[in-house]
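In our numbering, the protein residues as written are 384 to 856.
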């Protein structure tokens, strides 16, 4: 291994091959539930260095774990505990290579932080719409490798839908250059879509060409109280009809989830939190290309119709950008509040929007019967059918003991219900190492066979991120 370490130092420089000291930032997952041990943390500065590192590791038979901002939730980007894997961090490769205004595209390196890209696009007069809670530290390469979702999917789609091309280093250390930014290229298999969502198991994304959009003339945010999830779905239908493409966000939040925010972050003002007759709230965002007056008129017409239909019982519309940010901050604080409450069991699931109310009613009842006192933290992106259907221990109990005793059972109950409702057990967080067994249980044998064939075909040595997503058997 010392020969490999010296070779890696020769490629990226000794200062960018870390073997000693505190490597927690790279070896521990974001939720602090798993910790690995790397042979070395290697930080290349350009694509050729990535290719050379991969070649060196392949020749030495050493496996590689690619990593972006290390904000994933499925333990897919930290090394195992063997001390034999190279952790390849893309964070130094953070340049924005260029914006093509006429083509409405931007080309960025994989280590570019999402928020930096958002700001660069905004400064150039454009919108890059991918938005999620970790945007201050997650990177574009990781966003694409996990096909990140977030709060704007209802209008703009997942990371996959925003990607027009990639630059990728293969498991053999070759460079595929595919960042032309073409919207039409019908020349064979779509290699871009093969690598997006592959979680670093098929190749290492080093750069991407992404879609930009004109900045909206106005963005308005509303917070609405709804009497049930059925009414929330009805409101979503009205919003699609009234706002069309202007509907850029539609989040649902259960009252218990919001009560945790009020409890642990009392400085935040949570609308309708004291009204026990409000089981759910919805956060809507309307983007308009004409004017704020036009946006507000359409928004108010939507809410008036919703009040008349009985699917909204109360609502507030943000009067300015500061108020809008405050409302979004409440929504984005739910995971943090849940963490303050104690260890919990997270589920990132998707169900057809029309079936979500039935799924929640049935699964809520099942869990409460099977595990009395369990508390359900239900929130997420109703506009695209993605719920973060999380489970908190009974009040006053030992959270650690609860997880040890019930986590596997609860996961089985929830994922079996998801399969019953023809949904997915991973909507936007990926599979990583946490859900490999769940993939094998819930994915069809035909799909699994094709996935394994792709992995063997592209990475026959099983060099890249082994044991993640799918076992190479």
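C-beta: ideal position from N, C-alpha, C; glycine also.
Predicted model, so just to flag it, every value in this text is computed and none were measured.
- Item | Continuous alpha helix (DSSP H) stretch holding residue 537: start and end | Unbroken alpha helix (DSSP H) run through residue 537: 536-539.
- Query: So who's on the other strand from residue 764, going by DSSP bridges?
  - Reply: Here residue 764 is bridged, per DSSP, to 769.
- Identify the residues that DSSP records as bridge partners of residue 664: which are they? In the DSSP output, where bridge partners are listed per residue, residue 664 has 608, 636.
- Quick one: what's got a C-beta closer than 6 Å to residue 801's C-beta in the same chain, skipping five residues either side? The answer, listed in chain order, is 732, 808.
- Message: On the DSSP bridge list, what partners appear for residue 671?
- Response: 601.
- Task: Please determine, among 523, 630, 427, 787, the residue with the shortest C-alpha to C-alpha distance to residue 392.
- Result: Among 523, 630, 427, 787, the Cα nearest to that of residue 392 belongs to 427.
- Query: Taking all protein chains shown into account, do 16 or more other C-beta atoms lie within 10 angstroms of the C-beta of residue 415, making it buried, or fewer, making it exposed?
  - Reply: Residue 415 is exposed by the Cβ-count criterion.
- Message: Looking at residue 855: is its Cβ nearer than 8 Å to the Cβ of residue 848?
- Response: No; because the gap between Cβ atoms is not below 8 Å, this pair is not in contact.
- Message: With a threshold of 7 Å (Cβ to nearest heavy atom), would residue 529 be considered close to the ligand NAP?
- Response: The ligand NAP is absent from the structure shown, which contains no ligands of any kind.
- Task: Count the other CB atoms, across all protein chains shown, that sit within 10 Å of the CB of residue 704; report buried if there are 16 or more and exposed otherwise.
- Result: That one is exposed.
- Task: Express the C-alpha separation of residue 666 and residue 480 in angstroms, rounding to a whole number.
- Result: In this structure, the CA atom of residue 480 is about 35 Å from the CA atom of residue 666.
- Task: Pick helix, strand or coil for residue 593, following the three-state DSSP scheme.
- Result: Look at residue 593 here: in three-state DSSP terms it is strand.
- Neighbourhood of residue 818 by C-beta distance below 8 Å, restricted to the same chain and skipping five residues each side: Cβ neighbours of residue 818 beyond the five flanking positions: 457, 808, 809.
- Query: Is there contact between the segment 692-709 and the segment 654-669, where contact requires at least three CB pairs shorter than 8 Å?
  - Reply: Between the segment 692-709 and the segment 654-669, the count of Cβ pairs shorter than 8 Å is three or higher; the stretches touch.
- Would a C-beta distance cut-off of 8 Å place residue 419 and residue 464 closer than the cut-off? At the C-beta level, residue 419 and residue 464 come within 8 Å of one another.
- Message: Using 8 Å as the threshold, is the C-beta distance between residue 410 and residue 421 below it?
- Response: In this structure, residue 410 places its C-beta atom within 8 Å of the C-beta atom of residue 421.
- Leaving out the 5 sequence neighbours to the left and right, which residues in its chain are closer than 8 Å to residue 850 when beta-carbon positions are compared? Around residue 850, the same chain offers 463, 816, 819 as residues with beta carbons nearer than 8 Å, after the five sequence neighbours per side are excluded.
- Task: For my contact list, residue 494 and residue 522 are in at a C-beta cut-off of 8 Å; report their separation, rounded to the angstrom.
- Result: With 8 Å as the limit, residue 494 and residue 522 qualify as a contact, their Cβ atoms being about 5 Å apart.
- Query: Taking just the CA atoms, how far does residue 595 sit from residue 566?
  - Reply: Distance between the alpha carbons of residue 566 and residue 595: 12 Å.
- Query: How many Å lie between residue 536 and residue 513 at the Cα?
  - Reply: For residue 536 and residue 513, the distance between alpha carbons rounds to 8 Å.
- Proximal residues to residue 580 (C-beta, below 6 Å), its chain only, five neighbours per side dropped: These residues qualify, in order along the chain: 530.
- Item | Residue ranges of each beta strand (DSSP E) within the segment 722-755, 3 or longer | Listed in chain order, the complete beta strand (DSSP E) runs (minimum 3 residues) inside the segment 722-755 are 731-733.
- Out of curiosity, what's the CA-to-CA distance linking residue 715 and residue 387? Approximately 43 Å, taken between the alpha carbons.
- Query: Going along the chain, which residues of its own chain have a beta-carbon closer than 7 Å to the beta-carbon of residue 773, five neighbours each way excluded?
  - Reply: Sequence-distant partners of residue 773 (beyond 5 residues in either direction) whose C-beta falls short of 7 Å from its own C-beta, in its chain, are 721, 727, 728, 729, 730, 760.
- Check whether the segment 620-627 touches the segment 580-593, counting contact only when three or more Cβ pairs, one atom from each stretch, lie closer than 8 Å. Because the criterion of three Cβ pairs below 8 Å is not met, the segment 620-627 and the segment 580-593 do not touch.
- Message: Nearest by alpha-carbon distance to residue 717: which of 491, 778, 641, 756 is it?
- Response: Across the set 491, 778, 641, 756, the C-alpha of 641 shows the shortest separation from the C-alpha of residue 717.
- Task: Give me whichever residues DSSP pairs with residue 758 in a beta bridge.
- Result: According to DSSP, which records beta bridges pairwise, residue 758 is partnered with 775.
- Query: Roughly how far, in whole angstroms, is the beta-carbon of residue 574 from the beta-carbon of residue 564, given that I think they are within contact range, below 8 Å?
  - Reply: Wrong, their Cβ atoms sit about 15 Å apart, outside the cutoff.
- Bridge partner(s) assigned by DSSP for residue 546: Looking at the DSSP assignment, residue 546 forms a beta bridge with 593.
- Item | Helix, strand or coil at residue 685 according to DSSP, with G and I counted as helix | In the three-state scheme derived from DSSP, where H, G and I count as helix and E and B as strand, residue 685 is classed as helix.
- Message: For residue 394 and residue 438, what's the separation of their Cα atoms in angstroms?
- Response: Taking the straight line joining both Cα atoms gives about 11 Å.
- Message: Taking the straight line between their C-alpha atoms, what separation do you get for residue 752 and residue 614?
- Response: About 25 Å.
- Query: Using the C-alpha atoms, what's the distance from residue 675 back to residue 786?
  - Reply: The C-alpha of residue 786 lies about 48 Å from the C-alpha of residue 675.
- Task: Under 6 Å Cβ to Cβ from residue 670, same chain only, skipping five residues before and after it: list those, please.
- Result: Around residue 670: 599, 602, 629, 631.
- Starting from residue 483, trace the beta strand (DSSP E) both ways and give me its first and last residue. Under the DSSP assignment, residue 483 falls in the beta strand (DSSP E) whose first and last residues are 479-483.
- Item | DSSP bridge partner residues for residue 847 (one or two, in chain order) | Answer by DSSP bridge pairing, in chain order: 447.
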